[in-house]
C-alpha cells in the first residue's frame, strides 16, 4: 500500500477556484446518482430556507447598536455566526425528517439487506473478519469475538470466513493474556473448520489505520473482502454474511457500512444514549443514506471493505507540518471512504441490516475523552477538504465533521458577542414578557425548539406507527423514556460545549490543554475522578451567575439554562455514570431498548462469556405479542 502525497489546502483551493481541479473517477451512470443530486439539492434548499427565515427574524428583533462602525461590525459577525449555526442545526433536523419518511415509505434507490437476504454465496467470496485491538480488556474482547464466531458457524460461514485478531498491545502481560485467549478460541473452533489467527505487531505505526494496512500487506490477497470490527463490536453470523451478500450483489461497491446499535451497559448515561440511538439515531442513519446513497460514510468498524481497491487507493500519507493537525491521520475512516469514491468505487450505508452492535462509553467523561480524539481527527480532515479528485459529498462530510466540534466555540462566540453588544453597544436584555409579546422573537424561539425536538418526536412517532412500543416497555414507558433522555441531553449539552471548546482550542493552538478522564476499565465514575474536569466548570458557572446577579435579574434568567447544568455537572455525571441508578431505571421500565427486552442470541453469548448478567437479571421482561 503506497500512499499518494497530499496536495495541501492552499494548492487544492487554488485548483478548485481556477477550475483546474482533478475530478473523481467516473462511475457508470445509474439511477441512484440522479436521485442523489435531487435529494442533495432539496436538503440544501431546506437548510438555506430555514437559516434565511431565522436570520430575518433575528434581524427584526435586534435594535440598532451604538458605538460606531466597531459595534456594527461585531453585530454583523454575530448575525453571520447565527446564520451558520442555525443552518447547522437545521441540517441535522432535515436529515432526520428525510430519514423518517424514508423509513415510512421505503427507498427505491437505497441499498437494502432485505433484497439480498436469501442470496447464495460463492465459495470465492472469501472474507476476513479482522479485529484491531490495543491494550483492551481481554475478557470482553474475546467474549464478543467468540460470540460472533459462533454465530458465523451457525449461519454456515465457517468455510468462507476467517478471523484475525490484530494486536498492537504494548503491555507484555496483557499480550500474554491475549495469546492465551486466542489459543483457547482457535482450539475450540478447530473442529468446525473456522480458522482464527492472532498477530502481534512489533513495529506499531499509524495506530489503527497502520494496523489494518499491515494486515492488508500480509494477508489481504488471500481474501476478497474484510469485515472490520472494533474491540467492543459484536455481530451476528447473518449480519457478517449479509455484508458479504451485499458486496457480491453490488460489484461497484468498495465499502458497505452497517448501522451498529449501541447496547450492553447499565449506567444511566449509557442507557440514555442507547435509547436515543435506537429511537432517534436510526432516523439520522436512514436520512444520511437517503441523501448520500452510494457516496456515503465509513465509520471504521462493523463494515465490509473490498480489499483490492482499498489496498490500491486508500493508503494514507501523513499530513505535513507540525502541531496537532499534522502527522498521521486519526479519523482515517472518513478519509478512506473519500479516497475509495475518488477512485470510482461506491460507498454505502445500509441501515436495515440487523445484528450489528457496539458499546457506548459508560459515562460522560469517557465519552468526552473519546470526543477529544475525534475532535482532533475531524479538524485534521478539514485540511483535506480541497484535495484533488474528491467528490463534493465527501468534501461536505469533512466540513460537517469539523463543524461537529467547531460549533461549540462558535456558539460561545455568538453568546460572547451578544454580551459585548449588551455592555457597549446599547443592546438591552429581553425578558420573558417581551418574548411572548414580540411575534418575531416568539417565532424564532419556537423554530429553534422545533428543530431540536422534532427528530425525537418523529422517532417516537415511528415506533408507535410500527407498533413496536412493547419493545420499549409500552407506550407510557416509551414516552417517559423519551422525556428522560431529552432532559439528560439538556443537562449534558453545556458540559459537552465547554469540553469541545477546550478540545478545539487545544487542537488549533497546539497547547496541551488537559481534560482528565478516569481509567477506561473503571466500572463506575467516582467522585474524585470526575472532580478535576467538572468542578472548574461549576465554579465558572457560579462566578457567571454572581456577575449576572450584580448586573440585573434579567441577565440571571438568560444564564440559568446554561449555568444550572454546569453547576450540577459534577453530581449529575457521577450519578449517571454508575450502574445502580441505571439498573433502577431499568426495573422501572425506563430507557428500555429491544436489546434489553429481547436480546439476540449473539448478544446473550457475548454477555455470558464476558461474565456480564443479561438484562433479564434486573427486571421482568416485557412479554412481546
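Numbering (our numbering), first residue to last: 372 to 996.
Note that the Cβ used here is the ideal one computed from N, Cα and C, for glycine as well.
Remember, predicted model here, so these are calculated numbers, not experimental data.
- Residue environment for residue 907: exposed (fewer than 16 other C-beta atoms within 10 angstroms of its C-beta).
- DSSP places residue 372 outside both helix and strand once states are collapsed to three, so it counts as coil.
- For residue 549, the enclosing alpha helix (DSSP H) has its first and last residue at 543-560.
- When the five nearest sequence neighbours on each side are left out, the beta carbons in the same chain lying within less than 6 Å of the beta carbon of residue 963 are those of 843 and 844, in order along the chain.
- Per DSSP, residue 700 is not a residue of any alpha helix (DSSP H), being assigned neither H nor E.
- Excluding its 5 nearest sequence neighbours in each direction, residue 655 has C-beta neighbours in its own chain below 8 Å: 463, 466, 467, 470 and 826, listed in chain order.
- Scanning 971, 981, 980 and 675 for the CA closest to the CA of residue 607 turns up 971.
- The beta carbon of residue 456 is closer than 7 Å to those of 778, 781, 782 and 785 in its chain, skipping five residues each way along the sequence.
- By the CB criterion at 8 Å, residue 520 and residue 492 fall outside the cutoff.
- DSSP places residue 503 inside the beta strand (DSSP E), whose first and last residues are 498-504.
- Contact annotation: residue 919 and residue 937 have beta-carbon atoms that are not nearer than 8 Å.
- The C-beta distance from residue 943 to residue 823 rounds to 20 Å, too long to meet the 8 Å contact threshold.
- Within the stretch 825-896, the alpha helix (DSSP H) runs of at least 4 residues that lie entirely inside it are, in chain order, 846-880.
- The residue from 691, 904 and 952 with its alpha-carbon nearest to that of residue 941 is 904.
- Within the same chain, Cβ atoms closer than 6 Å to the Cβ of residue 524 are found at 563 and 565, the five residues on either side in sequence being excluded.
- Apart from the 5 residues on each side of it in sequence, residue 637 sits with its Cβ closer than 7 Å to the Cβ of 950, 953 and 954 in its chain, given in chain order.
- In this structure, residue 445 sits away from residue 724, with a CB-CB distance that is not shorter than 8 Å.
- In the DSSP assignment, residue 466 forms no beta bridge with any residue.
- Annotation: residue 915 to residue 933 spans about 10 Å, alpha carbon to alpha carbon.
- Taking C-beta atoms as the reference points, residue 545 and residue 534 fail to come closer than 8 Å.
- Here DSSP, grouped into helix, strand and coil, assigns residue 629 to strand.
- A contact between stretches requires three or more CB pairs, one per stretch, nearer than 8 Å, and the stretch 675-689 fails this requirement with the stretch 724-741.
- Residue pairing of residue 720 in beta bridges, as defined by DSSP: 628.
- Residue environment: residue 503 is assigned as buried (16 or more neighbouring CB atoms within 10 Å of its CB, all protein chains considered).
- For the pair residue 597 and residue 718, the CB atoms are not nearer than the 8 Å cut-off.
- Cβ atoms of residue 389 and residue 758 stay farther apart than 8 Å, at about 16 Å.
- For residue 978, the closest alpha carbon among the candidates 682, 605, 773 and 755 is that of 605.
- When the Cα atoms are used, residue 579 and residue 529 turn out to be separated by approximately 26 Å.
- Looking at the DSSP output, residue 522 bridges to nothing.
- Looking at the DSSP output, residue 537 sits in a beta bridge with 503 and 570.
- Taking the CA atoms as reference points, residue 730 sits about 23 Å from residue 706.
- With 16 or more other Cβ atoms inside 10 Å of its own Cβ, residue 540 counts as buried.
- Judged by DSSP secondary structure, residue 778 falls within the alpha helix (DSSP H) whose first and last residues are 763-795.
- Residue 511 is classed as buried because its beta carbon has at least 16 other beta carbons within 10 Å across all chains shown.
- In summary, residue 710 is buried, with 16 or more beta-carbon neighbours lying within 10 Å of its beta-carbon over all protein chains present.
- Distance from the CA atom of residue 614 to the CA atom of residue 582, rounded to whole angstroms, is 22 Å.
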